[in-house]
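In the numbering used here, the protein residues as written are 6 to 286.
Working notes for the structure below.
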Ligand code: NAD
């Protein structure tokens, strides 16, 4: 049996085309401010990709490049200014921040109404309350869209999420729960991980360990979402052994071309949602 590949690039393209049409009908272009502190090469690539994606759909990107030694006070002042600029609809801080800046202290400074990454405590709380007015973090939102493109109704399915980060694992687990899955969150201290994963109709791997998930983790006919981005001597690898997933599962996302493009598409979607909320009649 060969699994069907869940093409995130193609689905993201569809989302972007829909957004482009929606944006063209707006009286002005939504604007996204992206703050990058320091010169981490991977972060610089991510920011450039976000700028290009914004431009392609008609969102105005505004990048703020700050030196690595920027103080908490200087960063806070910029965030405050952007919070108070009506023309800026969304604000994103590229992570990771340099070691002297604590993301847990900085992210809550973004206005919840402009928090298009969905990391503000208010928006995290709203997600738990199933409040549809929240901004859902982009990677988890993209993952649910990918899953539902293959299986529109996932009610009652067993889902295992490997990873409990604030950015991916935890929010995706809550979203799956909101979709009526029975959800287990596994992590670095979980015992008998392969056995647990083999109970999963939907397996989401968000770990950061190249090809951790092999055949013995995969339930036949299941749906596998590979979130991992691991740069190895043998090139870019996911958290899932793709050949094993192809052989055993019913659906699998590739790396690259799966979750990554959906993450960017959902950032654009959240930015348009922010614009619409801020410009309600
Ligand atoms: P993280 O380091 O914050 O969290 C990793 C999680 O994996 C932790 O909860 C930890 O308990 C768990 N873990 C670690 N080792 C484990 C093991 N051996 N067995 C079981 N669980 C284990 O990482 P993150 O920010 O959630 O990112 C995870 C991966 O997803 C990374 O490779 C990252 O680059 C990638 N990522 C991709 C996208 C995208 O858009 N495609 C977005 C965000 C993150």
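The beta carbon of each residue, even a glycine, is placed where N, CA and C say it ideally should be.
Between residue 224 and residue 211, the gap from beta carbon to beta carbon reaches 7 Å or more.
Distance from the C-beta of residue 52 to the nearest heavy atom of ligand 1 is not below 6 Å. Distance from the CA of residue 135 to the CA of residue 80, rounded to the nearest whole angstrom, comes to 31 Å. A Cβ-Cβ contact shorter than 7 Å links residue 63 with residue 28. When DSSP assignments are scanned along the region 122-171, the uninterrupted stretches of beta strand (DSSP E) that are 3 or more residues long and fall wholly within it turn out to be 163-167. In this structure, residue 264 has its beta carbon less than 6 Å from a heavy atom of ligand 1. Looking at the DSSP output, residue 68 bridges to 39. DSSP places residue 283 in the helix class (H, G or I) of the three-state scheme.
If you look at residue 50, you'll find it in the alpha helix (DSSP H) that goes 46-62. Residue 11 sits in coil when the DSSP states are folded into three classes, being neither helix nor strand.
The C-beta distance from residue 13 to residue 258 rounds to 6 Å, short enough to meet the 8 Å contact threshold.
CA-to-CA, the gap between residue 270 and residue 31 works out to about 18 Å. Rounded to the nearest whole angstrom, the CA to CA distance from residue 200 to residue 147 is 27 Å. Judged by beta-carbon spacing, residue 164 lies within the 7 Å limit of residue 186, meaning their Cβ atoms are closer than that value. The region 72-114 contains, as complete alpha helix (DSSP H) runs of 4+ residues, the segments 77-88, 108-111 (chain order).
In terms of Cβ geometry, residue 140 and residue 120 form a close pair [threshold 7 Å]. Between residue 41 and residue 85, the gap from beta carbon to beta carbon reaches 7 Å or more. In the displayed model, residue 235 falls within a strand according to three-state DSSP. Sequence-distant Cβ neighbours of residue 243 in its own chain, meaning closer than 6 Å and more than five residues away, are 231, 233, 260.
In the DSSP assignment, residue 188 falls within the unbroken beta strand (DSSP E) covering 187-191. DSSP places residue 174 within a helical segment (H, G or I) once states are collapsed to three. Bounds of the alpha helix (DSSP H) holding residue 251 are 247-253. In the structure shown, residue 269 adopts helical secondary structure according to DSSP, grouped into three states. Using a C-beta cut-off of 8 Å, the region 111-130 makes no contact with the region 47-62, since fewer than three inter-stretch Cβ pairs fall below that distance.
Set against 6 Å, the gap from the CB of residue 169 to the closest heavy atom of ligand 1 is smaller. When beta bridges are read from the DSSP output, residue 240 appears opposite 237.
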